[in-house]
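One rule links them: number in the working numbering = place in the sequence shown (from 1) + 24. Each residue gets a CB set at the ideal place from its N, CA and C atoms; glycine is no exception. Bear in mind that the values here come from a model prediction, so they are computed numbers and not experimental data.
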Amino acid sequence: MDFTQILIPLLTGASIWALAAKRHKLGFALGLCAQPFWLYSTWTAGLWGIFALSLWCTANYIRGLYNHRGHRGTA
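Spelled out as structure tokens, the structure:
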């Protein structure tokens, strides 16, 4: 198992956990940190559908960070 396959579930799982706990900025940031590993892994494996979904997730993690850029607290 390589480094990428360790970071994908750690970062993605932490992102989902933080978002469910209403720690939006942290959740979006962790999810965005996971995306290069998702993109690399799916590109090299030729998994084009998951690669396209990873691009969509990347755009939405950026959107989430942008939308919550000035918020403090849990919301």
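| Check | Outcome |
| --- | --- |
| The segment 27–34 / the segment 43–63 touching (three or more Cβ pairs under 8 Å) | yes |
| Rounded distance between the beta-carbons of L34 and A42, thought under 8 Å | A42 to L34, Cβ: 12 Å. No contact. |
| Cβ separation of L54 and S39, assumed to be a contact under 8 Å, to the nearest whole Å | 4 Å |
| Y85, buried or exposed, once every other Cβ within 10 Å from all chains shown has been counted against 16 | buried |
| Delimiting residues of the alpha helix (DSSP H) encompassing L34 | F27 to A44 |
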